[in-house]
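Inspection log for the structure reproduced underneath, given as structure tokens.
Protein chains in written order, with this note's numbering: chain R, 105 to 451; chain G, 217 to 609.
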């Protein structure tokens, strides 16, 4: 009796139903599936092949696809980013990995001037189907030069799509979409999220599962305040929402998923319901993602529904320090989100 | 009979000191011309190469006329652009190529349309040799909808199949070119990518990153440095610790070529492309050439070099004159033929300029188009929140 049921349920788990997958493995699956699907797709970057990836995101891919499709590069960001863009111009579909986006600054001219602007400058003659991916934002204890968030920098530029997944489904579905997109996509991962497991639905395990770029997701419904975030801090918002729920404050948590083009409509629809908006991000406040959301909400239909000014919760406006106590206080904590929500609601 | 005419015309020329030969020879038959001549060309300086391109080049009459036509067309288009710029019909940046025609013509003669080419901003000549009509080039310069990039790109951003511009950032085109070569290798199609840069760009770090990867991976990339002796206003001696640009690839073999002789350029490019196609990896070619104009239209070009120097190059090394003299002195064509071609070319250029000045500017509806490829239409914010513009692919 019991043994049979046990057998049946184990069998059920293996062939269908949700599974727990880390963000790292979700990214790996996405690349594996797209490499298999389209022979024009290839991956290049430092340590992506024989080392299995600096953060093991590309584990197993070199063994499966070989030197032609998984290419280890020397430490030459500007050079290999340019090579990747050239390959895209000639019709291949490169995935160009930056070990972290801090190093993309070496190559930023190729991302902006060679990739982002070319389709426009050529009036449609020359598309650039490339994905630039890698970890973005703060890690743990890596100090100022290795902790910057580039969401605002890249999202400033027309011609680029900028994607920032939070969980495993986001990671897999959005990376597949990015690779299939005929345009330059900056794909901002998060090192601290790589090892975090999330349940992935049965649908999301299909090889054709994609998430559309440019559409946000409501992770939690609520009526009192809208929290908008991207990447790791979506989790912080959900944690804050759980605490606030105990006090009778119901937060609606929006996971942006895409920074550019931003799904402002989802934010506005939510604000028209909740009348309060708090943005949460790891990046610096000035000229950031939250600043853009404020401006867009002010210019749009939701402004008249606000009962209070928009609040931005951001990283502290300083280079990232090293000492743990300082680092912890340089980024939004759950208590900062809770505090900001209550201030916004004036409770 | 024909030889007698030649004798008479030559005699008359000598006697009168004038070129009366043309009028005497008016009834000559094209069959009288020498169909093919083998010319001696300069030996190239070599770097890490056992052997270089041949020191003799064959030229048929047809080829000669074609190279002449190409170079003269580029010359006249550039001079027309100069004129239009001074009339303020062309705006912004305009980097002219006159003097360097043998490079573009010679390279194109050595590769095929299925090969690839990328260059920097002094790109009008290559845009033409890679197949864009002069109408579309001039209309792009004047910013009209009939321009090759519909007026969206301008002088530095013109494109065609297997021609990747036109690139404004000095040196950025070099890694791009290696990437195109990587695509050729990836596909195994035996194509090469010719990647051009100037003596100024030769000092960019990204070049050396690219040389490293191209050599490491044996990319079929022909790196070509068009050394016109000045990076903007800075003479090469003031910019480079080593002006042997053909050696700057270090572990990459190189050759230095007379860039004013279209035949030298052709033979060298053929040699270089063969090297790549044989799987030997990249190669660096330095073309020694010269630009008559300043760096761009905003540079008179005489503050950092003398007018005498410019005049000397014009009189002794002009690529178009060199070819014409070669063909004339070997009886491959007649002076009138060249004159006729010149007249034809001038007319074509004038017609193209007429089009370029009368074609309308792109419609405002086009403003936001072509931001993304193969994408559903999207909204673009205008200059203020009430301005909601549309972008289609």
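Note that the Cβ used here is the ideal one computed from N, Cα and C, for glycine as well.
Asked, Found
"Using 8 Å as the Cβ pair cut-off and three pairs as the minimum, do the stretch 460 to 478 of chain G and the stretch 262 to 269 of chain G touch?", "yes"
"Which full runs of the alpha helix (DSSP H) of 4+ residues lie inside the stretch 234 to 283 of chain R, going along the chain?", "255 to 259"
"Go to residue 607 of chain G, then tell me how far its alpha helix (DSSP H) extends in each direction, as first and last residue.", "Per DSSP, residue 607 of chain G belongs to no alpha helix (DSSP H); it is in the beta strand (DSSP E), 604 to 607."
"To the nearest angstrom, how far is it from the Cα of residue 431 of chain G to the Cα of residue 460 of chain G?", "19 Å"
"Ordered along the chain, which non-local residues of its own chain (more than five positions away) have a Cβ less than 8 Å from that of residue 629 of chain G?", "Lying before the first or after the last residue shown, residue 629 of chain G is absent from chain G, which here runs from 217 to 609."
"Can you tell me the Cα-Cα spacing of residue 337 of chain G and residue 518 of chain G, whole angstroms?", "21 Å"
"Given a cut-off of 8 Å, decide if residue 190 of chain R and residue 391 of chain G are closer than it, judged by their beta-carbon atoms.", "yes"
"Between the beta-carbon of residue 147 of chain R and the beta-carbon of residue 173 of chain R, is there less than 8 Å?", "yes"
"Using DSSP bridges, identify the partner residues of residue 441 of chain G.", "G:413, G:502"
"At a Cβ cut of 7 Å, what residues of the stretch 233 to 245 of chain R count as close to chain G, listed as they run along the chain?", "none"
"Taking the beta strand (DSSP E) that residue 332 of chain G belongs to, which residues open and close that run?", "332 to 334"
"In angstroms with no decimal places, state the Cα-to-Cα distance between residue 578 of chain G and residue 225 of chain R.", "13 Å"
"Could you tell me whether the Cβ of residue 182 of chain R comes closer than 8 Å to any Cβ of chain G?", "yes"
"Residue range of the beta strand (DSSP E) that residue 391 of chain G falls in?", "Counting along the chain, residue 391 of chain G falls outside any beta strand (DSSP E), though it belongs to the alpha helix (DSSP H) covering 389 to 403."
"Rounded to whole angstroms, what's the CA-CA distance from residue 367 of chain G to residue 283 of chain R? Just pull it up for me.", "30 Å"
"Let me know the beta strand (DSSP E) ranges lying completely inside the stretch 246 to 302 of chain G, each 3 residues or longer, listed in chain order.", "252 to 256, 261 to 263, 272 to 276"
"Between residue 227 of chain R and chain G, is there a C-beta pair that is closer than 8 Å?", "yes"
"Could you check where the beta strand (DSSP E) with residue 362 of chain R kicks off and where it finishes?", "362 to 364"
"What's the C-alpha gap between residue 443 of chain G and residue 559 of chain G?", "31 Å"
"Is residue 193 of chain R helix, strand or coil when you go by DSSP?", "helix"
"Going by other Cβ atoms of all chains shown within 10 Å of its Cβ, with 16 needed for buried, is residue 502 of chain G buried or exposed?", "buried"
"Return the chain-ordered list of same chain residues with a C-beta closer than 6 Å to the C-beta of residue 238 of chain G, the five sequence neighbours on each side being excluded.", "With a pLDDT of 42 at residue 238 of chain G, under the threshold of 50, the predicted position of this residue should be treated as unreliable, though the coordinate-derived value follows. Contacts found: 551, 552."
"Are the stretch 443 to 453 of chain G and the stretch 504 to 519 of chain G in contact at 8 Å, needing three or more beta carbon pairs?", "yes"
"Have a look at R:317, R:346, R:318 and flag the residue whose alpha-carbon is nearest the alpha-carbon of residue 331 of chain R.", "R:346"
"At least one CB of chain G closer than 8 Å to the CB of residue 208 of chain R: is that the case?", "no"
"If we require 3 or more residues per run, which beta strand (DSSP E) segments fall completely within the stretch 416 to 488 of chain G?", "437 to 443, 470 to 474"
"Would you kindly check if the distance between the Cβ of residue 387 of chain R and the Cβ of residue 253 of chain R is under 8 Å?", "yes"
"Within 10 angstroms of the Cβ of residue 310 of chain R, are there 16 or more other Cβ atoms? Answer buried if so, exposed if not.", "exposed"
"Name the chain G residues whose beta carbon is nearer than 7 Å to that of residue 67 of chain R?", "Any question about residue 67 of chain R goes unanswered here, given that chain R covers just 105 to 451."
"Could you tell me the alpha carbon to alpha carbon distance between residue 605 of chain G and residue 581 of chain G, rounded to whole angstroms?", "8 Å"
"List the residues of chain G whose Cβ lies closer than 9 Å to the Cβ of residue 218 of chain R, in chain order.", "383, 385, 388, 389, 391, 392"
"Is residue 188 of chain R close to chain G? Criterion is C-beta to C-beta, closer than 8 Å.", "yes"
"Are the C-beta atoms of residue 218 of chain G and some chain R residue less than 8 Å apart?", "Note on residue 218 of chain G: pLDDT 48, under 50, position unreliable in the model; the coordinate value appears next. It does not; no Cβ of chain R falls within 8 Å."
"Please list, in chain order, the chain R residues whose beta carbon lies closer than 7 Å to that of residue 439 of chain G.", "Going along chain R, no residue has its Cβ under 7 Å from residue 439 of chain G, so there is no contact; the nearest lies around 13 Å."
"Name the residue from G:449, G:597, G:509 whose alpha carbon lies nearest to the alpha carbon of residue 404 of chain R.", "G:597"
"For residue 436 of chain R, which of helix, strand or coil comes out of DSSP?", "coil"
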